[in-house]
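Below: one structure, written as structure tokens.
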Amino acid sequence: MTLLQLTGVRAAYDGVQALHGMDLAVTGGEMVALLGANGAGKTTTLRAISGTVSVEGAVVFDERDVTGWAAHRVARLGVGHVPEGRGTFVDLTVEENLTLGTLARGSRLRGQVKEDLAAVHELFPILRDFSRRQAGALSGGQQQMLAIARAILGRPRLLLVDEPSLGLAPMVTTEILRSLRVLQAEWQLAVLLAEQNARRALAVVDRAYVLESGRVVASGSAAELRENTAVQDAYLGAEQTGRPA
Amino acid sequence: MTELWQQVLSGLGSGFIYASLALAICLVFQGTGAVNFAQGVMATASAYLAWSLVSNGMNFWLALVLVLAASFVLGALIERVFIRPVEGSSPLVMLTVTVALLIGLQAVVALIWGDDPQQLQSPFGGGSVEVFGARLTAQQLGAAAVVLVTLLLAGAFFRFTTLGLRMRAAAQNPASARLLSIDVGRMLALGWGLAATVGAVAGVIFAPTLGVSPAMMDSSLLLALAAATLGGFESRGGAVVGGLVLGVAANLASRYIPGIGSDLQLVVPFAVIFLVLLLRPQGLFGRVSSVRA
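If you read the sequences in order, they're chains A and B.
Throughout the first sequence, residue numbering follows full-length UniProt numbering, covering 1 to 245 in sequence.
Throughout the second sequence, residue numbering follows full-length UniProt numbering, covering 1 to 293 in sequence.
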């Protein structure tokens with residue numbers, strides 16, 4: 001079942017076109033990566049879906065046309081977004097950040113909050129240990145975990161994650177991506193992951209789209225894209241994919 | 001000694017006016033980034049409304065409750081109508097809008113109720129109480145108690161309720177708040193409504209002392225701005241403490257510093273604003289945001 005469908009989506013910032021007709025689809029429960037270099041339109045695509053940039057074209061989520069909806073209304077339908085820069089509430093405690101996550105689910109699955117919180121704490125024990133600490137005092141990796149945990153506690157049906165590896169040590173990134181995969185399987189959640197590091201992303205996702213200049217230039221299963229040296233050389237950069245240049 | 005104690009206590013009494021106005025100013029500032037110069041005149045309008053109701057025979061406390069509700073609605077409405085269109089604009093635009101609000105509302109108040117000062121009867125009667133040797137009127141004590149309860153309730157609201165948490169989130173990081181399905185616009189309107197309510201408590205409960213007139217809150221507004229500067233515009237608790245400190249300081253200065261007297265009392269807030277901006281611009285309790293990359 002198609003959960004998300006983008007058709008001919010265009011978006012611009014201050015008159016500069018960032019998306020030139022994006023077409024993509026995500027099915028319920030699958031994990032999909034958006035790959036591409038800086039400026040290819042990965043972040044804007046996620047923002048077009050969550051309603052934080054104004055778009056033309058059609059964004060359909062769960063058979064509802066949400067094009068032009070305010071961001072908080074899209075979020076209420078079950079779209080979680082871990083934004084670029086993580087969007088931590090730095091002056092609130094870790095616990096308060098997570099509570100905001102659970103509040104985002106509205107009336108859906110309200111009885112489930114305690115168990116979900118326990119599951120998240122098990123996955124990221126550091127968030128339990130530091131629960132009374134100010135979120136701004138966490139390290140970058142910890143803040144990334146917090147951002148993902150918070151978004152996921154809203155029990156979204158689609159989770160958008162923007163560059164979780166940015167500024168983090170490779171070990172930490174791997175750990176975070178692996179946790180994401182665990183949650184995705186357990187909570188039957190679809191994930192759309194924007195990631196510059198193609199090799200790392202292709203190791204965890206089911207499928208991927210390759211973007212360049214605001215459109216999709218290639219797509220396929222993770223296995224196919226891992227094998228496709230032509231696509232890798234053209235759009236993903238050899239050192240990014242781990243092959244010798 | 002008793003004299004000093006007496007001055008401290010009565011300074012604390014007026015400090016509660018500044019504290020509540022300062023808290024209101026902080027609430028608005030944290031949410032919309034605007035220093036609301038109209039906060040004082042909004043409280044004046046509330047006081048006039050209470051005076052109208054009471055002089056038409058309504059019980060003071062019932063009038064207070066109705067006025068608080070009306071002030072809440074009015075505050076939220078002002079946000080929707082006047083602030084929403086310029087949301088996210090530069091501080092200069094915000095300043096212009098709130099100063100325009102100040103002038104406009106003052107005119108509206110004078111238009112409806114006239115310029116003549118009016119007297120609102122104290123709901124606490126004319127008695128007085130002795131507190132460790134100092135004499136306080138029932139009005140002073142009662143008004144301070146009502147404001148104190150209001151401030152504590154406001155604090156508890158932000159600390160312990162989920163709505164308060166969502167309002168803090170919306171104020172601190174609106175973009176992230178939206179992604180967590182928080183209707184930021186609604187939170188800002190709520191913040192303005194709440195600020196108007198807190199200001200209205202001070203305006204109405206202190207009206208018997210201040211007298212009801214279009215300019216009744218003018219000097220309190222200045223002291224409240226100094227209080228918010230002292231405590232830090234980012235800190236609700238700091239603004240309240242700042243208000244109390246300034247109340248005492250202004251009172252002591254007018255009593256003990258030769259040449260200041262009650263006419264020059266307003267020198268104190270200006271001196272405080274000046275010194276704080278010079279020495280510690282974020283205020284005593286303001287934080288330089290603790291962010292790590």
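Just so you know, even glycine gets a beta-carbon here, dropped at the ideal spot from N, CA and C.
By the neighbour-count definition (other C-beta atoms within 10 Å, threshold 16), Asn56 of chain B is an exposed residue. Listed in chain order, the positions of the region 86–111 of chain A with a beta carbon within less than 7 Å of a beta carbon of chain B are Gly87, Phe89, Val90, Asp91, Leu92, Glu96, Thr99, Leu100, Gly101, Leu103, Ala104, Gly106. Under the three-state reduction of DSSP output, Thr88 of chain A falls in the coil class, being neither helix nor strand.
Partner residues in the beta bridge of Ser219 of chain A, as assigned by DSSP, are A:Tyr209. Within the model, the alpha-carbon separation for Ala154 of chain B versus Ala11 of chain A is close to 42 Å. Neighbours of Pro83 of chain A in chain B, taken as residues whose beta carbon is under 8 Å from its own, are Ala175, Ser176, Leu179 in chain order. Look at the region 87–106 of chain B: it has no residue with a C-beta under 8 Å from a C-beta of chain A. DSSP links Ser128 of chain B through a beta bridge to B:Thr137. Under the 10 Å beta carbon count, Gly11 of chain B is surrounded by 16 or more other beta carbons and is classified as buried. Beta-bridge partners assigned by DSSP to Asp162 of chain A: A:Ala194. No Cβ of chain A is located within less than 8 Å of the beta carbon of Ile83 of chain B. Among the residues of chain B, those whose CB is under 8 Å from the CB of Ser50 of chain A are Leu179, following chain order. If you draw a 10 Å sphere on the C-beta of Lys114 of chain A, you find fewer than 16 other C-beta atoms in it, and that means exposed. Residue contact check for Ala169 of chain B against chain A: a CB pair falls below 8 Å. Note: Thr161 of chain B is not bridge-paired with any residue in the DSSP secondary-structure output. Gly126 of chain B counts as exposed, since fewer than 16 other beta carbons sit within 10 angstroms of its beta carbon. For Arg76 of chain A, the nearest beta carbon of chain B is closer than 8 Å to its own beta carbon. In the structure shown, Leu183 of chain A adopts helical secondary structure according to DSSP, grouped into three states. Distance from the Cα of Gly237 of chain B is smallest, within the candidate group B:Ala76, B:Ala170, B:Ile25, B:Gln6, for B:Ile25. DSSP, reduced to helix, strand and coil, places Val35 of chain B outside both helices and strands of the structure shown, so it counts as coil. Judged by their CB atoms, Val216 of chain A and Leu35 of chain A are not nearer to each other than the 8 Å cut-off. At least 8 Å separates the CB of Gly39 of chain A from every CB of chain B.
Around Ala50 of chain B, the same chain offers Ala63, Val67, Val204 as residues with beta carbons nearer than 6 Å, after the five sequence neighbours per side are excluded.
Remark: fewer than three beta-carbon pairs, one from each stretch, lie closer than 8 Å, so the region 187–195 of chain A and the region 217–227 of chain A are not flagged as touching. Taking a Cβ-Cβ threshold of 7 Å, none of the residues of chain A is close to Thr44 of chain B; the smallest such distance is about 33 Å. Leaving aside the five residues that flank Arg135 of chain B on each side, the residues in its chain whose CB is nearer than 6 Å to its CB run, in chain order, Ser128. For Asp116 of chain B, the three-state secondary structure derived from DSSP is coil. Counting the other Cβ atoms within 10 Å of the Cβ of Val149 of chain B gives fewer than 16, which makes it exposed. Take the alpha-carbon of Gln30 of chain B and the one of Glu234 of chain B: they are about 6 Å apart. At a beta-carbon threshold of 9 Å, the residues of chain A lying near Leu165 of chain B are Leu92, Glu96, Thr99, Leu100, Leu103, ordered along the chain. Listed as beta-bridge partners of Thr7 of chain A by DSSP are A:Ala58. Between the C-alpha atoms of Leu120 of chain B and Val147 of chain B there is a straight-line separation of about 18 Å. Taken in chain order, the complete beta strand (DSSP E) segments of 3 residues or longer contained in the region 98–180 of chain A are 158–162. When secondary structure is reduced to three states using DSSP, Arg76 of chain A falls in the helix class.
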